[in-house]
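Novice:
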Amino acid sequence: MTVTAHRRYAAELRVTAERVPQIRRIVAAHLRHWRLAAEIPAVCRGLVELLAHVRRTVGPDAECAVEVRWSGRQLTVSVADRGPRMARLDSAQGGALAAVAASGDSWGTCPTDDGKVVWFTRRVAAARETPRTAPVPPHSVPEAEPGPDAAPAAPGAPTPV
Numbered sequence: 008m009t010v011t012a013h014r015r016y017a018a019e020l021r022v023t024a025e026r027v028p029q030i031r032r033i034v035a036a037h038l039r040h041w042r043l044a045a046e047i048p049a050v051c052r053g054l055v056e057l058l059a060h061v062r063r064t065v066g067p068d069a070e071c072a073v074e075v076r077w078s079g080r081q082l083t084v085s086v087a088d089r090g091p092r093m094a095r096l097d098s099a100q101g102g103a104l105a106a107v108a109a110s111g112d113s114w115g116t117c118p119t120d121d122g123k124v125v126w127f128t129r130r131v132a133a134a135r136e137t138p139r140t141a142p143v144p145p146h147s148v149p150e151a152e153p154g155p156d157a158a159p160a161a162p163g164a165p166t167p168v
């Protein structure tokens with residue numbers, strides 16, 4: 008059994024139109040490094056929706072903190088902002104939080120002293136460990152055996168491969 012150490016990525020950023028794709032690529036790179044590439048589409052879709060929610064509710068140049076945690080069994084993605092308005096799952100917000108809810112197994116929001124945190128989680132099967140060395144491929148062509156009329160090799164001569 009392999010025990011996966013807890014992993015974490017965090018960043019503070021302004022939610023500008025240019026910065027959202029950058030943070031998405033950075034999070035995707037971390038997921039690949041953690042051997043969770045299969046989770047990239049859903050996690051990044053949910054993250055982009057959380058950032059869009061910040062832009063919509065706090066402002067297009069708002070500051071926020073992004074955090075991604077991997078516990079070995081569960082991914083948690085959270086975005087904290089200074090907006091006073093709590094997130095709600097309803098159609099009045101353009102359905103963005105419905106996409107967040109669909110990206111994970113659970114989601115939620117909680118107030119902080121200066122704003123709120125919105126998060127979602129995904130249960131993930133244990134990441135497969137990548138072998139440290141490449142496996143030896145099976146021989147696709149059987150090794151040739153000398154035929155009945157092959158002459159014996161002279162002593163000291165190289166053996167044919």
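Take 8 as the starting number for the sequence shown in this note's numbering and just add one per residue. All residues carry an ideal CB built from backbone N, CA and C; glycine is no exception. What you are looking at is a predicted structure, and each value in this text was computed from that prediction instead of being measured.
For the segment 57-66 against the segment 32-44, are there 3 or more C-beta pairs whose distance is under 8 Å?
Specialist: Contact between the segment 57-66 and the segment 32-44 is absent: fewer than three C-beta pairs spanning the two stretches fall below 8 Å.
Novice: For G90, count neighbouring C-beta atoms within 10 Å of its own C-beta (all shown protein chains included) and say buried if the count is 16 or more, exposed if not.
Specialist: Here residue 90 corresponds to residue number 83 of the sequence shown, with the count starting at 1. That one is buried.
Novice: Helix, strand or coil for T64? Go by DSSP, reduced to three states.
Specialist: Your numbering for residue 64 matches position 57 in the sequence shown. DSSP places T64 in helix when its eight states are reduced to three.
Novice: Let's see if you can read the secondary structure: which residues bound the alpha helix (DSSP H) around L43?
Specialist: Residue 43 sits at position 36 when you count from the first residue of the sequence shown. No alpha helix (DSSP H) contains L43, which DSSP labels as neither H nor E.
Novice: Classify V131: buried if its beta carbon has 16 or more other beta carbons within 10 angstroms, exposed otherwise.
Specialist: To locate residue 131, count along the sequence shown from 1; it is residue 124. V131 should be labelled buried.
Novice: Where does A132 fall in DSSP's three states?
Specialist: Here residue 132 refers to the residue found at position 125 when the sequence shown is read from its first residue. A132 falls in the coil class under three-state DSSP.
Novice: Hey, R21 and D68: beta-carbon distance below 7 Å or not?
Specialist: Residue numbering aside, residue 21 sits at position 14 when the sequence shown is read from its first letter. Residue numbering aside, residue 68 sits at position 61 when the sequence shown is read from its first letter. Yes, these two residues count as a Cβ contact at 7 Å.
Novice: Is R3 near L82, with beta carbons less than 7 Å apart?
Specialist: Outside the displayed span of the chain (8 to 168) sits residue 3, for which this structure offers no information.
Novice: Where does S113 sit, in a helix, a strand or coil, going by DSSP?
Specialist: Translated into the one-based positions of the sequence shown, residue 113 becomes position 106. In the three-state reduction of the DSSP assignment, S113 falls in the strand class, which pools E and B.
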